[in-house]
Amino acid sequence: MAQWTREIIHTSYVAMGRPEIEAFLAKCFDDVLVACDGPLEPARQAGERLVRVHFTNPVVVHRTLNHLAAELPRYRDLDPAGLIDVLGAIGSGFAGALREQTLGEQEIIKQSVLDARDAAEEALRASEARSRAVFTSSALGIAIVTLDGIVDEINPSMARIFRLSEESLVGRTIFDLADTAWVGELAAANADLVRGEVDRYQLEIRFTEKHGSHIWTQLSASLVRDARDDPDYLVMLFEDITDRHMLQEQFRRQAVHDPLTGLPNRTQLQTSMERALEPTHTGRRVGLCFFDLDGFKAVNDSLGHPVGDQLLRAVAQRLQALTAEFGALAARMGGDEFVVLVPDTDGAAGLVAQVEKMLAEVTRPARIGAHELAASASVGVVERPVAGTDAEALLRDADITLYRAKQDGRAQWVLFDAALNAEARDRFKLSAALPAALDQGELFVEYEPVRRLDDGSLFAAAASIRWDHPEFGELGEESFRDLAEETGLITRLGGWALEQVCRHASQWTERFGARGPLAAVGLSHRHCRDPELVNDVQRVLRETGLPPESLALGMPEAALFDHQGDAVDTVEIFAEMGIKLIVSQFGDDYTRLARLRGLPLHGVRIDGPHLAGFADPDGPDPLDEYLLSAAAGAAKLMDLPVVAGGVDDELQAQRLGALGVRCAIGAFAGERVSALELHELIADPEGR
1 MAQWTREIIH TSYVAMGRPE IEAFLAKCFD DVLVACDGPL EPARQAGERL
51 VRVHFTNPVV VHRTLNHLAA ELPRYRDLDP AGLIDVLGAI GSGFAGALRE
101 QTLGEQEIIK QSVLDARDAA EEALRASEAR SRAVFTSSAL GIAIVTLDGI
151 VDEINPSMAR IFRLSEESLV GRTIFDLADT AWVGELAAAN ADLVRGEVDR
201 YQLEIRFTEK HGSHIWTQLS ASLVRDARDD PDYLVMLFED ITDRHMLQEQ
251 FRRQAVHDPL TGLPNRTQLQ TSMERALEPT HTGRRVGLCF FDLDGFKAVN
301 DSLGHPVGDQ LLRAVAQRLQ ALTAEFGALA ARMGGDEFVV LVPDTDGAAG
351 LVAQVEKMLA EVTRPARIGA HELAASASVG VVERPVAGTD AEALLRDADI
401 TLYRAKQDGR AQWVLFDAAL NAEARDRFKL SAALPAALDQ GELFVEYEPV
451 RRLDDGSLFA AAASIRWDHP EFGELGEESF RDLAEETGLI TRLGGWALEQ
501 VCRHASQWTE RFGARGPLAA VGLSHRHCRD PELVNDVQRV LRETGLPPES
551 LALGMPEAAL FDHQGDAVDT VEIFAEMGIK LIVSQFGDDY TRLARLRGLP
601 LHGVRIDGPH LAGFADPDGP DPLDEYLLSA AAGAAKLMDL PVVAGGVDDE
651 LQAQRLGALG VRCAIGAFAG ERVSALELHE LIADPEGR
C-alpha cells in the first residue's frame, strides 16, 4: 500500500497534505482487500472516491491499476478472473463517478450555451462573453449540431480530439465521426433524442483517423428546446477516453495472455476449449496436442535463463505461425509446456500430420545470440468426438499421453490410448496417495524367507513393503517403488521400512539369539545417496536396540561408487559398524565387477527373468545359463556368496546350486509371511 501511496502522491496535483492523502489511500486499499473476499461494491466505492478527491490524472489511474494488479495477489489468493473483477470494479466506480462529473459539467455547459444564445438575442454581452469563454476553453470537445445531424459550430477541443481542422469538421454529420460498426447505435440513439423521446444519451464510440490510429470518445448528447418547447438543436460533448480504453484493453490482454511469449494462457485456452467442445453439428471432432520441450532445464542451467526465455519465445512464434494456418490455437501452459487446440479435426491421421509439421518446425535450430540451439519436444496427442468429452478430460488425457511419450524415449509424439492412459492414471493416483498412505498407516512390512540350498536352514528374512490400498487392494512393492523413486519419496519410504524392520528384528533377536535370521532391507539407488543415511541407520539401531551385525543392507552396484568410480564412504562406514552389505542387481554391468574386489561385502543377489528358465524341465536357455554362470563365477572368485531371487521349485534350486548359488528366495524357500508368522517360522525351522 505504501508504494501505491507514493505513486499517487508523486503525480497528484491536489492541495491536500501528504498525511491526509496517505490516510485516504489506506482506506481505499482496505476497501479493495474487502472486495477481494466477497462483494465488489467496496472496490467500486474506492474508485468513486478517487474521482471525488480529484485523483483523475490519467497517469495516477494507470499506475494505480498497474500496481494493484501486481500487489493484490500478495495479500489475497486470487485467480486471474477474480483479479480482473476487482480491478474492473475499481475502474467501473472510477468511470461511473467520472461520468457523473462529466454529466454535471455538461449541464453547466449546456446552460452556458443557452445563456450565450439568449444573451446574443437579448444583447447581454457580458453573459455571452463568459459563456464563450467556457465554450472555447473547455477540455471537452463541444459541438452544436442541427436536428438532422449536421455540425454547425465546434470549439477548439473538437479539432484537437479528432485531429481535424475546424473547416473539415463544420458542415459534416456526426455520423462521420464514428466508425461504421458504431454508426447504427449512434443513429438509433440520436433519432430518439431528436424525436424528443429522451432528453440525453451517452455512448462510447470509436473513430479511425486517416493514419489508422483509433480515437475513442465518450459522447454525451443533449436536446435543446425552443421557447415553444419544441426540439431546436443538439449540444454534443466529446471526451477523449483513448488512454483509458487502451489501459483497459491492456489489462484484458494481460489477463488472458502469457507475458513472456504473448501466447494465450490457461484462461484463454479454457475459454477456447469450451467453444471448441460445443456440439454445433453432428460428428464434430476436436484435437489437443500437449508439447513439452525435452532437456529445457539443461539450457537454463548451462546458458542462463535469458537464453532459455528467448528459446521459449522462438518456439512460441513458430507454433503460433503454424497453428494460424490451420485455424488452431497455440497456448503456453507454463514453463516449457505448450498446448495446441485444433477445433474441427477430420480424424487422427490428419491431426498427426499437423503434429509432425509442428514438431519439425519446433526442432529446427534457432540462432539465439552466439548459440545455435535445436530444441526437441515430446507430444501427447488426443483426437476424439466432441460428444461425450469435456475440457478437463481432454486436457488430462493429453497430459497423461505426454507422460507416456516422455517415458517411451522423448522427441516423439504419442497418440492417446484409453487402456494405457487408464494404467497411467492409476500410477498417478498411487503417486499422489503414497505420502498420505505413509502417514495413515496403510503400509506394512512382510518378509520373504532366505534359505540355504545345502541344508534348507533359514539364513535371512528379506523385507518386502506392502500397501493396503483402499481402492486397488493389497499392492506389492513393485507397484509403487519406482513411483517413490521418481517423486523423491523413496528416501522417506526407505527410512520408514528400515525402522519397521529393525524394530521387528530386535524382537526376534532378543527371543531367539543366534538362531534369529539376518534382517535384510533393500535400499534404492537414491536412498543410498542420501547424505543422512548413515545418521538415520545409526539412530534406528540405537532406538530399536538391534545389533548391527543382525542387519543386512542391499545396495545396488551403481550406488557403491561415486561419479569418479571410487567406492563411496558409506560402504566402509557400514562395514566398520558391523552391518552386512549385499550387492543387489549384481551383474547388471560387468564393467563394475572388477571394482567390487576389495570392498567389505557380505554377498550378492541376482534376480531377473533369465532365472525362470532354470525351472524348465528341458533346461534353461544356453545364453541365460551362460550369463548366470558368469555372474556366479565372478562372485565365487571374489568369495561372495550368491543369493538368487525367484526360485520356485526343487529342480530350479538344484540347477542354480550347481552353478554356485548358495541361498534362495521365492516359493521354494517359503511364502511371504508377516512379522508374527516369521516368529513362528524361526521357532519351527523345519516348517515351510
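Letter 252 of the sequence shown, counting from 1, is numbered 252 in UniProt numbering, and no numbers are missing. Backbone N, C-alpha and C fix where the C-beta goes; we use that ideal spot for every residue, glycine too.
query	result
Spatial distance of residue 196 from residue 250 (CA atoms)	39 Å
Simplified DSSP assignment, three categories, for residue 282	coil
In chain order, each beta strand (DSSP E) run of at least 3 residues that lies wholly inside the UniProt domain "GGDEF" (284-418)	285-294, 329-334, 337-343, 366-368, 371-373, 376-385, 413-415
Nearest-angstrom beta carbon gap, residue 401 and residue 381 [assumed within contact, 8 Å]	6 Å
Per-residue burial, residue 210 [other beta carbons within 10 Å of its own, 16 or more giving buried]	exposed
Extent of the continuous beta strand (DSSP E) to which residue 459 belongs	458-469
Local conformation of residue 112 per DSSP, three classes	helix
Reduced DSSP category for residue 580 - H, G, I as helix; E, B as strand; rest coil	strand
Cβ neighbour criterion (16 or more within 10 Å) applied to residue 282	exposed
CB contact flag (residue 336, residue 312, <9 Å)	yes
For residue 90, the three-state DSSP class (helix, strand or coil)	helix
Residue 670 versus 244, 676, 461, residue with shortest Cα-Cα distance	461
Residue of 514, 504, 531 minimising C-alpha distance to residue 520	504
Spatial distance of residue 638 from residue 466 (CA atoms)	34 Å
Per-residue DSSP class, three states only, for residue 98	helix
Runs of beta strand (DSSP E) wholly within the UniProt domain "PAS" (127-177) (minimum 3 residues, chain order)	141-145, 151-154
Cβ-Cβ distance between residue 404 and residue 417 below 9 Å	yes
Same chain, Cβ closer than 6 Å to residue 675, five either side skipped, listed in chain order	504
Cβ neighbour criterion (16 or more within 10 Å) applied to residue 407	exposed
Burial state of residue 572, where buried means 16 or more other Cβ atoms lie within 10 Å	exposed
Proximity to residue 689 [Cα-Cα], best of 593, 612, 602	Outside the displayed span of the chain (1 to 688) sits residue 689, for which this structure offers no information.
Residue from 563, 499, 451, 538 whose Cα sits closest to the Cα of residue 667	451
Best match in 541, 166, 596 for proximity to residue 578 [C-alpha to C-alpha]	541
Same chain only: Cβ atoms within 8 Å of residue 526, ignoring 5 sequence neighbours per side	485, 488, 490, 491
From 303, 438, 411, 378, residue whose alpha carbon lies closest to that of residue 371	303
Rounded C-alpha distance that separates residue 45 from residue 101	15 Å
Contact the segment 56-70 vs the segment 103-113: 3+ CB pairs below 8 Å	no
Beta carbon of residue 553 nearer than 9 Å to that of residue 599	no
Cβ neighbour criterion (16 or more within 10 Å) applied to residue 440	exposed
Spatial distance of residue 65 from residue 171 (CA atoms)	41 Å
Where residue 602 falls: helix, strand or coil (DSSP)	coil
Exposure of residue 165, with buried meaning 16 or more beta-carbon neighbours within 10 Å	exposed
Proximity winner among 373, 340, 367, 344, relative to residue 357 (alpha-carbon distances)	340
For residue 548, the nearest candidate out of 557, 518, 558, 555 (CA to CA)	518
Separation of residue 568 from residue 524, as counted between CA atoms	15 Å
Buried versus exposed, by CB contacts within 10 Å (16 or more), residue 4	Because residue 4 carries a pLDDT of 49, less than 50, the predicted location of this residue cannot be relied on, and the following value inherits that uncertainty. Answer is buried; the Cβ neighbour count reaches 16.
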